[in-house]
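> Pasting a structure here, questions to come.
Number of protein chains: 2
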Amino acid sequence: MRMFLALVHHPCVDRGGNVITTALTNVDVHDIGRSARTYGAERLFIVTPVTLQQTMVAEMVHHWTEGEGLTRNDRRAEALSRVTALPSVAAVCEAIAEHVGAAPLVVATSARMDAPDVTWSGFRERLRHHQGPVLILFGTGWGMASELVEGADVCLPAIVRDPSLGSSDGYNHLSVRAAAAITLDRLLGA
Amino acid sequence: MRMFLALVHHPCVDRGGNVITTALTNVDVHDIGRSARTYGAERLFIVTPVTLQQTMVAEMVHHWTEGEGLTRNDRRAEALSRVTALPSVAAVCEAIAEHVGAAPLVVATSARMDAPDVTWSGFRERLRHHQGPVLILFGTGWGMASELVEGADVCLPAIVRDPSLGSSDGYNHLSVRAAAAITLDRLLGA
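Read top to bottom, the protein sequences are chains A and B.
Taking our numbering, I'd label the letters of the first sequence as residues 3 to 192.
Taking our numbering, I'd label the letters of the second sequence as residues 3 to 192.
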């Protein structure tokens, strides 16, 4: 199994459910890049159709891997050297297929997953035997547009706390940085 | 069991191991506040002896819970309404003892934990039967000063990926936002 991640800025939804393109957030790239590197994911794709934002990702990566940032923090360089911006999830799948020689198993995540088709432990076990690349998608804004979730091969359950600790009041608003870290840990953690 | 969190800005160490006070980082407060709320922790304490930074925390909380931010995002208000700045870990322990009527079990976390005295699953199980408050400490900068780690009641293991996935190259540099999210999930997640 070879793990790839994508942080999706389009198509996402706003709080009203309208399909939008969200803006790049620097700390997402840093945090999810560091988490990806810690858990052995090969690459983090930043998915945005906005060419200016793609350029911003490239400049951020350059700053930390070849520019001034490198002398400040080489651990950051290692994490960011695995980050690439691409215009769409389809382009990410093509890039992985070209690089690895097989199309990825596409995995959707959402805090509002109505119909997950795996359990966390079941999918963790399945990954241990999976041949070929896996691509996990993380949404920004108020989440990925339903077409992306419905088009994925696997939908992971929402991340919630242990119900035996008492009834939850339904508050479930992790940052995408926290959700990505927890997802990696649930699937690949010790 | 009643869960409390502290994000420690002093005493921490820099990359050279010198004891320092780190600066407040807004996104830490937001992310760890949201993770705390999602997993049912009662309060997030921001530990800094710098009164100006304590004031900044109070202003941030006010902005989101009573000021302009409230109209923008009431989920953020709910998370930030549980955030308080205090000058030291000792002051946090006193505040919890006063509020709950018992001193907390103090739990240290570190990416470089040499001598953990519990396993994750063992401590998760222990929490299910624990009476009274629990306080988990998260360091900033290059981690908490050793006096804090050594003074804690429990030292959790470092967060690492599953070794059965292949030998790790030792890269283990999660952001404190990611580490706090994973810690909460390992102890309180479904």
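Note that beta-carbon positions come from the ideal geometry of N, C-alpha and C, so glycine has one too.
#1: Rounded to a whole number of angstroms, what is the C-alpha to C-alpha distance between M146/B and L176/B?
#2: For F47/B, list the residues DSSP reports as bridge partners.
#3: Here's the rule: buried if 16 or more other CB atoms are within 10 angstroms of the residue's CB, otherwise exposed. What is A182/A?
#4: Return yes when the Cβ of M3/B is within less than 7 Å of the Cβ of L150/B, no when it is not.
#5: Short of 6 Å in beta carbon distance, which residues of its chain neighbour A87/B, apart from the five on each side in sequence? Order them along the chain.
#6: Using only the alpha-carbon positions, how far apart do E68/A and N75/A sit?
#7: Over what stretch of residues does the alpha helix (DSSP H) that includes A147/B continue unbroken?
#8: Let me make sure I understand the geometry here. Which of G191/A, L158/A, V85/A, H11/A has the alpha-carbon closest to that of D119/A?
#9: Rounded to whole angstroms, what's the CA-CA distance from V108/B to L139/B? Just pull it up for me.
#10: Checking 7 Å against the spacing of the C-beta atoms, do R188/B and D30/B come in under that value?
#11: Would you mind stating whether A110/A and A38/A have Cβ atoms separated by less than 7 Å?
#12: Under three-state DSSP, which class holds L158/A?
#13: What does L167/B reach in chain A if we use C-beta pairs closer than 7 Å?
#14: According to the Cβ coordinates, are A105/B and A113/B closer than 7 Å?
#15: Can you tell me whether DSSP reads R78/A as helix, strand or coil?
#16: Give a yes or no on whether the minimum CB-CB distance between S37/A and chain B is below 7 Å.
#17: Cα separation between G124/B and E152/B?
#18: To the nearest whole angstrom, what separates the beta carbons of R84/A and L46/A, a pair I think is in contact under 8 Å?
#19: Please name the residues in the stretch 43 to 68 of chain B whose beta-carbon is closer than 8 Å to at least one beta-carbon of chain A, in chain order.
#20: Hey, does A8/B have any beta-carbon neighbour from chain A nearer than 7 Å?
#21: Specify the secondary structure class of A207/A as computed by DSSP and reduced to three states.
#22: Which class does V120/B belong to by DSSP, given the choice of helix, strand or coil?
#23: Using the beta-carbon of each residue, which ones in chain A are nearer than 8 Å to I184/B?
#24: In terms of residue numbering, what span does the beta strand (DSSP E) encompassing G141/A cover?
#25: Here's a check: name, in chain order, each residue in its chain whose Cβ is nearer than 8 Å to the Cβ of T185/B, leaving out the five neighbours to either side.
#26: Pick helix, strand or coil for G168/B, following the three-state DSSP scheme.
#27: In chain A, which residues lie less than 9 Å from V77/B when you measure between Cβ atoms?
#28: Just checking: is the beta-carbon of R128/B within a distance shorter than 7 Å of some beta-carbon in chain A?
#29: Across which residues does DSSP place C14/B in a beta bridge pair?
#30: Between P51/A, A92/A, P13/A, which has its C-alpha nearest V21/A's C-alpha?
#31: Where do the ends of the alpha helix (DSSP H) carrying S37/B lie?
#32: Between G134/B and V102/B, how many whole angstroms is the CB-CB distance? I'm expecting something under 8 Å.
#33: Any Cβ of chain B within less than 7 Å of the Cβ of D33/A?
#34: Name the chain B residues whose beta carbon is nearer than 7 Å to that of E80/A?
Reading it off the structure:
#1: The alpha-carbon atoms of M146/B and L176/B are separated by roughly 15 Å.
#2: A8/B, T86/B
#3: Classified as buried, A182/A has 16 or more neighbouring CB atoms from the shown chains inside 10 Å of its CB.
#4: no
#5: Counting only Cβ-Cβ distances below 6 Å, and skipping sequence neighbours, we find I48, Q56, V59.
#6: 11 Å
#7: That residue, A147/B, is in no alpha helix (DSSP H); it is neither H nor E in DSSP.
#8: Selected option, being the one with the closest Cα: L158/A.
#9: 7 Å
#10: no
#11: no
#12: coil
#13: G42, L190
#14: No. Outside cutoff.
#15: helix
#16: Taking 7 Å as the threshold, the shortest C-beta distance from S37/A to chain B falls below it.
#17: 20 Å
#18: Yes, R84/A and L46/A are in contact; Cβ-Cβ is about 6 Å, under 8 Å.
#19: none
#20: no
#21: Only positions 3 to 192 of chain A appear in the structure, and residue 207/A is not among them; the question remains open.
#22: coil
#23: A183, I184, D187, G191
#24: Following the DSSP letters along the chain, one finds G141/A inside the beta strand (DSSP E) bounded by residues 135 to 141.
#25: T111, I138, F140, L158, I161
#26: coil
#27: For the record, residue 77/B in the displayed sequence is Arg; it is not Val. Within chain A, the residues near R77/B are Y173, H175.
#28: no
#29: I22/B, M146/B
#30: P13/A
#31: 28 to 40
#32: 7 Å
#33: So, interface residue.
#34: Within 7 Å Cβ-Cβ: Y173.
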